[in-house]
Amino acid sequence: MKLTIYGAGYVGLVTGACMAEVGNHVVCVDVDKARIDALNAGRIPIFEPGLEALVTRNVASGRLKFTNDANEGVAHGSIQFIAVGTPPDEDGSADLQHVLAVARTIGASMRDHKIIIDKSTVPVGTADKVRDAVSEVLRERGEDISFDVVSNPEFLKEGAAVGDFMKPDRVIVGTDSDRAAKVLRALYDPFSRNHDKVIVMDIRSAELTKYAANAILATKISFMNELANLAERCGADIEQVRIGIGSDPRIGYSFIYPGCGYGGSCFPKDVSALSQSARDAGYSAELIDAVEQVNLRQKQVLPAKLRRHFGNDFSGKTFALWGLAFKPNTDDMREAPSRAVMEAVWEAGGRVQAYDPEASDEARRLYGERNDLGLSDSAYGALEGADALIVVTEWQEFRSPDFGRIKELLAQPVIFDGRNIYDPATVEDAGIAYYAIGRGRVAE
C-alpha cells in the first residue's frame with residue numbers, strides 16, 4: 126500500500142519505518158526542514174533501539190522517503206496518517222492545532238478518496254473535528270470528494286517501540302466505515318500473523334481507549350508510590366509488599382514498581398488531557414486528578430531525602446546523578462524525574478555531575494552550558510569528588526556496580542536510590558549509607 130505519514134517524530138518515524146519494513150511504500154512529511162535533511166542524510170533524531178537500522182534499510186530499498194512537501198504527501202498515499210504532536214495546552218488539554226492543520230492540508234490537495242487516520246494521541250471527539258476541517262476546505266474548493274476518518278491510536282513504549290509495532294498486543298481501529306475497516310485489517314495483517322489482533326470499534330471508544338490505557342498504568346505507578354511513602358512511615362519494606370501483592374494474578378507485577386515518579390511524553394500529558402476532557406464533559410474525575418498530583422509530589426521525594434541528610438543549603442556540595450532520561454533505552458527527558466532533582470539541587474545552591482548513556486546531549490540542549498551542571502562520559506567519572514550518588518534512571522549498567530569503587534570515589538559514602546535497584550544490606554555492608562523509596566522508617 127501507499128502510505129503518507131505527517132510527522133517524522135517519535136510516533137511517525139517508528140510507524141513509517143515499520144510499515145515500510147513489511148513492504149508498504151511510505152512517505153513521511155514534516156515541516157521541520159532540519160529534521161528532514163538529517164533523516165535524508167541518514168541521521169536519526171531520536172534514540173530508539175533498532176530504529177536506525179530499520180530506517181536505513183528501508184530508505185535504501187526505496188520504500189521509505191522523507192520530505193517537507195505536504196502536497197507530495199497528499200498525492201502519494203491513499204492512506205494518510207496524522208502523527209504530529211499534541212502538546213498540552215495551558216489548561217492541560219491536548220493542543221490540536223497541528224492535527225487540524227494537517228487535516229486542512231489534506232483537504233486542500235486531495236484529488237481522490239483518502240482514508241485519514243488519527244495516529245496522534247487525541248481526546249474524544251477529535252475525529253469529528255478532523256472530518257469537519259477536511260469537509261470545510263473541500264466545500265471552499267467546490268469539490269465533493271469522499272474520505273473516511275479513522276482513529277488508530279499508537280501503543281508504543283519508548284525503548285521498545287519497534288518491537289511493540291512489529292509484534293503488537295492489539296491494534297485498535299475506530300471507524301464507522303466498513304470499507305475503511307477492511308483496508309485497515311489488510312494493512313495490519315502482516316503484524317497479526319499468529320492471530321487477529323485488530324479490534325474494531327466506534328471512533329469515540331477508540332479515542333478514549335488510548336487515554337484510558339495510559340491512565341490505568343499511571344494509576345498503578347502512583348498507587349505504589351503512595352504505598353511506598355506509607356511504608357516508610359510505618360517501618361515496612363515496599364519491595365516485600367510489592368512481591369506479596371504482585372503474586373496475585375489479578376494484580377500482577379507490571380507497573381507496580383515504586384520510585385521517584387513517572388515522566389516521558391505520554392503519561393503526564395495524557396493523564397492531564399484526560400482530566401481536562403472529563404471537566405469539559407461536566408464530570409469531576411477525582412481519581413485521575415489524584416494520579417497526577419501524587420506523581421508531582423513523588424518527584425520531590427528524592428530532594429526531600431537530600432535535605433534531610435544534608436540540610437537545606439547545598440552550597441559547596443556536588444551530587445552525582447546516574448540517569449537523565451525518564452526511563453532506560455531512550456534519550457527522552459520530557460517530564461523526567463531527573464529534572465526535578467537537578468532543579469531542586471540548583472535551587473539549594475548545589476552542583477550536579479550527571480551521567481546517562483544516551484541523554485547527555487538532550488540535557489545540554491535543555492539546560493545549556495552552566496557551571497552547576499557537569500555531564501560525564503562515564504558512570505564512575507560522575508562520582509569523582511561528589512558528596513552523594515543519586516540514582517534516577519534504572520539503566521542496566523547501573524544495576525550491579527562496584528560498591529567499593531563507589532565508596533572510594535565519593536567524598537561522602539551515601540546513595541539515594543530513586544528506583545530501588547540495590548539491596549540495602551549489600552550497600553550498607555560496603556560502608557555506604559543507603560536511602561531508597563519505601564524501604565525503612567523515615568522522619569515525616
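In this text, residue positions in the sequence shown follow the numbering used here: the first is 126, and each later residue adds one.
We put the CB at the ideal spot given by N, CA and C, even for glycine.
Item: Short CB-CB distance (under 7 angstroms) between isoleucine 346 and chain D; Value: Among the protein chains of the structure shown there is no chain D, as only one such chain exists.
Item: Where the alpha helix (DSSP H) containing serine 397 begins and where it ends; Value: 392-405
Item: Beta-carbon spacing of arginine 495, glutamate 519 below 7 angstroms; Value: no
Item: Neighbourhood of glycine 371 by C-beta, 8 angstroms cutoff - its chain only, sequence neighbours within 5 removed; Value: Gly377, Tyr378 and Ile381
Item: Nearest to threonine 140 (by Cα), restricted to the options Glu173, Arg168 and Val156; Value: Glu173
Item: Where alanine 479 sits in the DSSP three-state scheme; Value: strand
Item: Extent of the continuous beta strand (DSSP E) to which alanine 558 belongs; Value: 558-560
Item: Rounded straight-line distance, which links the Cα of glycine 556 to that of aspartate 220; Value: 51 angstroms
Item: Threonine 192 in three-state terms, based on DSSP; Value: strand
Item: Same chain, Cβ closer than 8 angstroms to serine 400, neighbours up to 5 away in sequence not counted; Value: Gly217, Ala410, Ile413, Asp414 and Glu417
Item: From Ala133, Arg476, Arg295 and Gly563, residue whose alpha carbon lies closest to that of arginine 358; Value: Gly563
Item: Segments of 3+ residues assigned as beta strand (DSSP E) that fall wholly inside the stretch 305-338; Value: 323-326
Item: Sequence-distant residues of its chain with Cβ nearer than 7 angstroms to asparagine 183 (five each side left out); Value: Ala142, Ala145, Glu146 and Leu189
Item: Rounded separation between glycine 167 and leucine 179 - CA only; Value: 11 angstroms
Item: N- and C-terminal bounds of the beta strand (DSSP E) containing aspartate 253; Value: Premise fails: aspartate 253 lies in the alpha helix (DSSP H), 251-266, not in any beta strand (DSSP E).
Item: N-terminal and C-terminal residue of the alpha helix (DSSP H) that valine 296 is part of; Value: Premise fails: valine 296 lies in the beta strand (DSSP E), 296-299, not in any alpha helix (DSSP H).
Item: Beta-carbon proximity check, phenylalanine 444 vs valine 470, cutoff 7 angstroms; Value: yes
Item: As assigned by DSSP and simplified to three states, the class of alanine 568; Value: For alanine 568, the pLDDT reaches just 43, beneath the cut-off of 50, and the residue's location in the model is therefore unreliable, although a value from the coordinates is still provided. Coil.
Item: Member of Lys442, Pro170 and Ala513 whose CA lies at the smallest distance from the CA of glutamate 483; Value: Pro170
Item: Cβ-based burial, isoleucine 241 [other Cβ within 10 Å; buried from 16]; Value: buried
Item: Span of the beta strand (DSSP E) around cysteine 153; Value: 150-154
Item: Sequence-distant residues of its chain with Cβ nearer than 7 angstroms to glutamate 569 (five each side left out); Value: Interpretation of glutamate 569 is limited by its pLDDT of 40, a score under 50 that renders its predicted location unreliable; no figure is taken from the coordinates.
Item: Serine 245 versus Val259, Met326, Val136 and Ile341, residue with shortest Cα-Cα distance; Value: Val136
Item: Every unbroken beta strand (DSSP E) within the stretch 498-536, with a cutoff of 3 residues, ordered by chain; Value: 498-500 and 513-516
Item: Inter-residue Cα distance where the pair is alanine 343 and leucine 421; Value: 12 angstroms
Item: Contact set for lysine 127: own chain, Cβ-Cβ below 7 angstroms, skip 5 residues either direction; Value: His150, His201, Gly202 and Ser203
Item: Extent of the continuous beta strand (DSSP E) to which threonine 129 belongs; Value: 127-131
Item: Where proline 428 falls, given that 16 or more other Cβ within 10 Å makes a residue buried; Value: buried
Item: Local conformation of glutamine 418 per DSSP, three classes; Value: helix
Item: N- and C-terminal bounds of the alpha helix (DSSP H) containing threonine 230; Value: 222-234
Item: Terminal residues of the beta strand (DSSP E) in which leucine 446 lies; Value: 443-447
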